[in-house]
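Please read the structure below before turning to the comments.
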Amino acid sequence: MFLTLLILIILGLSALLAARWWTARFATARIYPPENVPPRKVAIVFGAGLWRDGSPSGVLRDRVATAADLYFEGKVEVLLMSGDNRFENYNEPAAMRDYALRLGVPEEAIVLDYAGRRTYDTCYRAGAIFQ
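Printed below as a string of structure tokens:
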């Protein structure tokens, strides 16, 4: 029993280290400090959950604030807010828009994608529909 548990722990840690290595190896070239972000037309802001009261989660607030910073620095022209909206009381794109507006982003710089249930869906529509 102890040996099985030890093997599972080692395998779990190995998987975590492999994921970290993979990210460091292949994603580092696409991770920039804010001042070095290349200019782009659109920044996609992926949903990250809402609290029960409909307000953005901490992670979502951070994503929207980072996108707003990029907008104010002239790095992006438009923010594409993509999130889930399947339920009557759950509207990530609207919550993201409201938060971005409170941060000072003008409404004309915000586009909403209400069908962003998965990252793939968002990326597909960003290229095929929201050009």
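When you read off a place in the sequence shown, starting at 1, and then add 4, the result is the number in the numbering used here. Don't be surprised by glycine CBs; every beta carbon is placed ideally from N, CA and C. In this text, all values refer to a predicted model and were calculated from it rather than measured experimentally.
### Task
Just the C-alpha distance for Ala119 and Leu10, rounded to the nearest angstrom, thanks.
43 angstroms
### Query
Below 8 angstroms between beta carbons: does that hold for Val68 and Val49?
Val68 is a Cβ neighbour of Val49, given a cutoff of 8 angstroms.
### Task
Tell me, please, whether the region 85 to 94 touches the region 42 to 60 by the rule of three or more beta-carbon pairs shorter than 8 angstroms.
With the cut-off at 8 angstroms, the region 85 to 94 and the region 42 to 60 touch.
### Query
Cβ of Leu84 within 8 angstroms of Cβ of Arg101?
no
### According to DSSP, residues forming a beta bridge with Phe91
Tyr94
### Query
With distances taken between CB atoms, is the gap from Arg129 to Tyr103 smaller than 8 angstroms?
With a cutoff of 8 angstroms on beta-carbon distance, Arg129 and Tyr103 are scored as not near each other.
### Task
Please name the residue in Asp88, Gly58, Arg90, Lys45 whose C-alpha comes closest to that of Ala71.
Lys45
#### Entry: Residue nearest to Tyr75 in terms of C-alpha spacing, selected from Glu39, Leu12, Val63
Residue Glu39 is the option with its Cα nearest to Tyr75.
### Message
Using a Cβ-Cβ cutoff of less than 6 angstroms, which residues in the same chain neighbour Ala47 once the five nearest sequence positions on both sides are dropped?
### Response
Ala71, Leu74, Val80, Leu83
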